[in-house]
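Comments concern the structure below.
Residue numbers (the working numbering), protein chains in the order written: chain D, 1 to 359; chain S, 360 to 463.
Given below as structure tokens:
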């Protein structure tokens with residue numbers, strides 16, 4: 001297979017459209033309509049509870065950090081605050097972007113706006129980017145959210161555990177948008193009618209950061225930046241740790257989420273931070289099922305899915321050797337076995353794309 | 360002149376739900392509202408050609424099962440990104456226990 005071109009304007013993008021890989025019909029485990037409807041049904045209570053806990057903890061941790069500043073005793077509070085700001089906000093951005101956690105629309109929108117700001121992801125651009133990710137999941141040249149491309153940029157991924165590249169790219173993009181311009185790739189998936197909204201939000205954010213920096217300057221202290229901005233660096237590790245596992249080392253250019261997504265059992269704290277996105281095959285198959293119903297969806301369809309990874313640790317033990325091998329041989333990937341109860345992978349749909357699996 | 364097509368029985372659709380109806384190479388979505396009224400729209404989302412009949416009906420809104428785009432199924436109005444283009448709508452009529460849709 002030739003070198004992959006992950007650019008949204010490149011040769012692979014053109015080929016994916018030509019060969020029907022883009023906007024194709026995907027495999028779904030069959031679920032009776034009544035049960036699916038029940039799973040998709042919205043409720044405010046679970047997300048309200050989680051959001052009150054989340055923002056309550058953020059206020060407590062930030063207040064404790066400020067009170068103890070500049071002593072090292074403030075460090076544990078900043079670390080806890082940082083994970084909620086730089087990682088839990090990733091999953092809130094994600095879920096509220098889907099509009100599923102709350103029944104009441106404006107609640108989704110408020111949390112989505114706050115989370116987008118924390119993660120430095122323009123809420124308009126990234127709504128469209130994520131829509132594309134769901135249409136063309138891990139289709140080379142079409143999916144703008146592929147984390148572990150082949151060969152995997154392991155240094156880049158490692159640096160993103162501290163938000164280095166992602167956050168800086170986010171702020172650069174914010175400044176570009178605030179100047180009234182869009183990146184050419186953004187323009188491929190965001191309709192023109194939305195461009196002014198992107199620019200307006202970027203300008204508001206730029207003003208907020210400017211005010212925060214001005215305050216830090218006036219106080220001769222980085223304390224204001226410890227609350228706004230820097231947590232995107234020092235709290236990013238958890239969302240990268242869990243996010244990498246979503247698709248890394250699995251198949252590309254296939255039309256079955258069982259081949260390109262990974263479900264991992266996780267501890268309750270990680271699941272709170274990650275808002276159950278560890279059920280990632282399930283989420284991609286049925287993105288309109290709210291996060292709090294994903295464990296039920298998992299139980300319902302697990303016989304049709306590969307065995308989930310038993311822990312974050314075990315998932316990395318599985319994925320890292322695959323990524324390492326892809327450094328030398330980028331067609332290599334992990335194809336996981338299905339249980340005998342599952343419907344087989346439709347090989348005829350992706351034989352060309354699959355290349356060489358690691359069974 | 361409207362061409363009335365017998366699409367389904369009233370009881371084929373639960374209250375606040377939707378079914379798919381294919382006819383003459385086109386696909387439609389037929390809705391039963393919480394007020395027990397029936398409506399019909401194009402069957403595919405205007406964003407990515409996903410079948411709306413797999414989505415969730417909430418009051419008078421149909422949500423696309425793939426990207427959360429929303430339409431008012433009474434008039435086809437696009438309500439939430441990523442949908443920008445409105446949905447085509449069709450007349451409905453009840454005859455006995457049958458739902459008819461008006462095409463053409």
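Think of the CB as a built atom: it goes at the ideal place given N, C-alpha and C, for glycine as much as any other residue.
Just the C-alpha distance for residue 366 of chain S and residue 402 of chain S, rounded to the nearest angstrom, thanks. Stepping through the second chain from its first residue, residue 366 of chain S is reached at position 7. Stepping through the second chain from its first residue, residue 402 of chain S is reached at position 43. Roughly 13 Å separates the two Cα atoms.
Take the Cβ of residue 359 of chain D as the centre, count every other Cβ of all protein chains shown within 10 Å, and call the residue buried at 16 or more, exposed below. The sequence position of residue 359 of chain D within the first chain is 359, counting from 1. Note that residue 359 of chain D scores a pLDDT of 49, beneath 50, so its modelled location is shaky and nothing firm can be said.
Are the beta-carbon atoms belonging to residue 259 of chain D and residue 343 of chain D less than 8 Å from one another? Position 259 of the first chain, counted from the start, is the residue given in the question as residue 259 of chain D. Position 343 of the first chain, counted from the start, is the residue given in the question as residue 343 of chain D. Not a contact, by the Cβ cut-off of 8 Å.
Under 8 Å Cβ to Cβ from residue 266 of chain D, same chain only, skipping five residues before and after it: list those, please. By one-based count along the first chain, residue 266 of chain D stands at place 266. Excluding positions up to five away in sequence, the list reads 242, 274, 278, 311, 312.
With 8 Å as the limit, tell me which residues of the segment 316–335 of chain D have their beta carbon closer than that to any beta carbon of chain S; keep them in chain order. none
On the DSSP bridge assignment, give the partners of residue 461 of chain S in chain order. What you label residue 461 of chain S is simply residue 102 of the second chain in a count that begins at 1. S/363, S/450.
In chain D, which residues lie less than 8 Å from residue 393 of chain S when you measure between Cβ atoms? Indexing the second chain from 1 puts residue 393 of chain S at position 34. Result: empty, since nearest Cβ-Cβ is about 14 Å, beyond 8 Å.
Where the beta strand (DSSP E) through residue 400 of chain S begins and ends: Taking the second chain and counting its residues from 1, one reaches residue 400 of chain S at position 41. It spans 397–401 - the beta strand (DSSP E) in which residue 400 of chain S sits, taken as one unbroken run.
Using a Cβ cut-off of 8 Å (strictly closer), state whether residue 359 of chain D contacts chain S. On the first chain, position 359 is the one that residue 359 of chain D refers to. With a pLDDT of 49 at residue 359 of chain D, under the threshold of 50, the modelled position of that residue is not reliable, and no figure is offered here.
CB contact below 8 Å: residue 23 of chain D versus chain S: Here the question's residue 23 of chain D lines up with position 23 in the first chain. Contact of residue 23 of chain D with chain S is assigned, a C-beta pair being separated by under 8 Å.
Where residue 349 of chain S sits in the DSSP three-state scheme: Since the first residue shown for chain S is 360 and the last is 463, residue 349 of chain S is missing from the structure and cannot be characterised.
Tell me whether the beta-carbon of residue 397 of chain S lies closer than 8 Å to the beta-carbon of residue 453 of chain S. Mapped onto the second chain, residue 397 of chain S falls at position 38. Mapped onto the second chain, residue 453 of chain S falls at position 94. In this structure, residue 453 of chain S lies closer than 8 Å to residue 397 of chain S by Cβ.
For residue 128 of chain D, which residues in chain S fall below 9 Å Cβ to Cβ? As a first step, residue 128 of chain D must be located in the first chain, where it is residue number 128. Here the neighbours are 440, 441.
Close beta carbons around residue 308 of chain D, own chain, < 7 Å, minus the five adjacent residues each side: In the first chain, residue 308 of chain D corresponds to position 308, counting from 1. 263, 264, 265.
Between D/246, D/303, D/159, which lies nearest to residue 284 of chain D when the distance is taken from Cα to Cα? Counting from one through the first chain, the residue named residue 284 of chain D turns up at place 284. With distances taken between Cα atoms, residue 284 of chain D lies closest to D/246.
Proximal residues of chain D, C-beta to C-beta of residue 426 of chain S below 7 Å: As a first step, residue 426 of chain S must be located in the second chain, where it is residue number 67. Those within 7 Å of residue 426 of chain S in chain D are 131, 134.
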